[in-house]
Amino acid sequence: MINALDPKLLENARNLLLSFVKKHGVNIVSDGDLDGILASALVIKYLKLRGLEVDPRANVYFPRLSELGRLRVKDSILVELPPTKGLIYEGYNLLIDHHDETLVQVFVHDRSFKGVKFKAYVPSVSQLVFLILQDEYSSGPSAFLKLLNAINEIEEGNLRSDLSKALHRAYLLNSPSDSMRFAIIENVLKDCWEEIARWAFEEAKKWYVVEAKVAELLKKASSLSRNVAYFTFNGGEVLEKAAMREAMLALEEEHDIVVALDLRRGRVCRLSIATKNPNIDLRGFYRFLRELKPSIQAGGRRNVGGAQFRELMDLEEALSLVRKGLKNVKL
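Letter by letter, the sequence shown follows residues 0 to 330 in numbering that gives the first Met the number 0.
Dropping the structure here:
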């Protein structure tokens with residue numbers, strides 16, 4: 000359920016975005032997941048309706064996870080990329096996010112300058128952008144609203160509709176591809192909402208190749224502590240990376256918390272963590288990791304998030320770190 004947002008705050012957020020663009024131009028740096036892609040496309044669509052010239056391929060950048068620890072950003076609209084992900088904020092930047100806080104916030108270097116914060120729950124950054132800019136979109140065509148609802152389901156980890164399942168699978172099968180990302184943006188700009196759905200259902204037909212990988216990962220799963228399961232996977236291999244989230248979702252049905260460790264050549268480079276238990280808040284886990292070492296970037300929502308290690312560690316060291324971090328989570 001999406002709580003109503005204060006209309007005055009929505010207007011303030013819209014004005015803040017327009018003011019930022021007027022002073023600093025249009026340069027979007029975004030998380031590359033489906034939510035970040037759609038949110039970026041909606042921002043571009045809005046700005047083009049306002050008469051601005053925006054070329055997605057020239058004005059939008061989707062950094063890889065491995066880049067975040069050294070990426071410097073300036074005069075940019077940042078979608079779901081807070082400082083906790085390791086980016087180096089320089090000059091003025093505007094962050095749009097819904098994870099630790101739901102906000103539209105201007106930063107000067109790494110310090111908050113001015114912004115709008117919403118207390119209400121918003122399931123996706125796409126939903127937030129839509130609510131802020133919906134005066135231009137009216138209520139949105141039904142095909143768009145179905146797409147937005149599917150993105151919300153994916154963000155919440157509760158894939159109820161056929162469309163959310165198809166989108167989730169199609170994205171995972173194509174996650175390394177920026178061509179896929181820009182194709183989605185172009186379809187949003189042309190109001191080709193049904194074309195996005197058709198692409199998703201067609202790509203999802205290939206999912207059978209991932210299902211065997213999911214079974215392999217589930218066989219590898221072990222108990223880390225009471226009601227906490229973990230497994231390792233190779234995030235450098237597309238099918239295994241695609242299978243990782245599905246394996247986590249399956250394990251979450253039986254365990255309070257599930258951790259997936261990206262293990263490459265015996266070293267852990269990042270982890271994902273999730274829970275379906277509404278009484279568990281994982282944000283203490285992220286804080287612990289961030290405060291432990293500056294080389295660790297960690298963040299996410301109360302029910303799902305992750306961490307990236309610039310200094311790689313062996314598996315036992317990573318598991319020890321996870322155990323210590325979980326002490327900051329009420330189970």
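Note that beta-carbon positions come from the ideal geometry of N, C-alpha and C, so glycine has one too. All figures in this text were calculated on a predicted structure; none of them were measured in a lab.
Original post:
Contact check, V208 vs L238 under 8 angstroms by CB: the rounded distance?
Top reply: Start at 1 with the first residue of the sequence shown, and residue 208 comes out as number 209. Start at 1 with the first residue of the sequence shown, and residue 238 comes out as number 239. Yes, V208 and L238 are in contact; Cβ-Cβ is about 6 angstroms, under 8 angstroms.
Original post:
According to DSSP, is R264 helix, strand or coil?
Top reply: Start at 1 with the first residue of the sequence shown, and residue 264 comes out as number 265. Three-state DSSP puts R264 in coil, outside helix and strand.
**OP:** Could you tell me whether the Cβ atoms of D32 and Y120 are closer together than 9 angstroms?
**Re:** Stepping through the sequence shown from its first residue, residue 32 is reached at position 33. Stepping through the sequence shown from its first residue, residue 120 is reached at position 121. Contact: no.
**OP:** Report back the beta-carbon spacing between S123 and N151 to the nearest angstrom; my notes put them in contact at under 8 angstroms.
**Re:** Within the sequence shown, numbered from 1, the residue matching residue 123 stands at position 124. Within the sequence shown, numbered from 1, the residue matching residue 151 stands at position 152. Sure, about 5 angstroms apart at Cβ, within 8 angstroms.
**OP:** Using beta-carbon positions only, say whether I272 and N226 come within less than 9 angstroms of one another.
**Re:** As a working note, residue 272 is residue 273 in the sequence shown. As a working note, residue 226 is residue 227 in the sequence shown. Taking 9 angstroms as the Cβ cut-off, I272 and N226 do not qualify as a contacting pair.
Original post:
In chain order, what residues of the same chain lie with their CB nearer than 7 angstroms to the CB of E100, ignoring the 5 residues before and after it?
Top reply: The residue you call residue 100 lines up with position 101 of the sequence shown. Around E100: K116.
Original post:
Closest by CA to L307, which one among S222, D74, L281, L64?
Top reply: As a position in the sequence shown, residue 307 is number 308, starting the count at 1. For clarity, residue 307 is Gln in the given sequence; the question names Leu instead. It is L64.
Subject >> N92 in three-state terms, based on DSSP >> reply: Translated into the one-based positions of the sequence shown, residue 92 becomes position 93. Strand, per DSSP.
Original post:
Roughly how many angstroms lie between the CA atoms of S174 and L314, to the nearest whole one?
Top reply: Counting from 1 along the sequence shown, the entry for residue 174 is found at position 175. Counting from 1 along the sequence shown, the entry for residue 314 is found at position 315. Cα to Cα, S174 sits roughly 25 angstroms from L314.
Subject >> Residue nearest to L4 in terms of C-alpha spacing, selected from L325, L130, L288 >> reply: To locate residue 4, count along the sequence shown from 1; it is residue 5. Selected option, being the one with the closest Cα: L130.
Subject >> Straight-line Cα distance separating A317 from E193 >> reply: Residue mapping note: residue 193 aligns to position 194 of the sequence shown, counting from 1. Residue mapping note: residue 317 aligns to position 318 of the sequence shown, counting from 1. For E193 and A317, the distance between alpha carbons rounds to 43 angstroms.
Subject >> Burial state of H254, where buried means 16 or more other Cβ atoms lie within 10 Å >> reply: As a first step, residue 254 is located in the sequence shown; it is residue number 255 there, counting from the start. Answer is buried; the Cβ neighbour count reaches 16.
**OP:** Can you grab the Cα-Cα spacing for the pair V107 / V20, in whole Å?
**Re:** Your numbering for residue 107 matches position 108 in the sequence shown. Your numbering for residue 20 matches position 21 in the sequence shown. Looking at the two C-alpha atoms, the distance is approximately 15 angstroms.
Subject >> Span separating the alpha-carbon of S178 from that of F61 >> reply: Here residue 178 refers to the residue found at position 179 of the sequence shown. Here residue 61 refers to the residue found at position 62 of the sequence shown. Those two C-alpha atoms are separated by around 11 angstroms.
**OP:** Could you name the residues that DSSP lists as bridge partners for V105?
**Re:** The residue given as residue 105 occupies position 106 in the sequence shown. Per DSSP, L93, K113.
Original post:
Based on the DSSP output, what are the partners of L77 in its beta bridges?
Top reply: In the sequence shown, residue 77 corresponds to position 78, counting from 1. BP columns for L77 point to V28, L94.
**OP:** Measure from the alpha carbon of K22 to the alpha carbon of each residue in K73, L260, S163, then state which is nearest.
**Re:** Position 23 of the sequence shown, counted from the start, is the residue given in the question as residue 22. Nearest of K73, L260, S163 to K22, Cα basis: K73.
**OP:** Please go through the same chain and pick out, in chain order, the residues whose beta-carbon is closer than 6 angstroms to the beta-carbon of N186, but skip the five residues on each side of it.
**Re:** To locate residue 186, count along the sequence shown from 1; it is residue 187. The answer, listed in chain order, is E194, I195.
Subject >> Complete runs of the beta strand (DSSP E) confined to the segment 219 to 290 [at least 3 residues] >> reply: 221 to 224, 227 to 232, 256 to 263, 266 to 273
Original post:
From L216 to K292, what distance separates their C-alpha atoms?
Top reply: For the purposes of this step, residue 216 is taken as residue 217 along the sequence shown, with counting starting at 1. For the purposes of this step, residue 292 is taken as residue 293 along the sequence shown, with counting starting at 1. Cα-Cα distance, rounded: 29 angstroms.
**OP:** Reducing DSSP to helix, strand and coil, say where A182 ends up.
**Re:** Numbered from its first residue, the sequence shown carries residue 182 at position 183. A182 falls in the helix class under three-state DSSP.
Subject >> Local conformation of D313 per DSSP, three classes >> reply: Taking the first residue of the sequence shown as 1, we reach residue 313 at position 314. If DSSP states are grouped into helix, strand and coil, D313 belongs with the strands.
Subject >> Beta-bridge partners of Y60, as assigned by DSSP >> reply: Locating residue 60 in the sequence shown gives position 61, counting from the first residue. Answer is V28.
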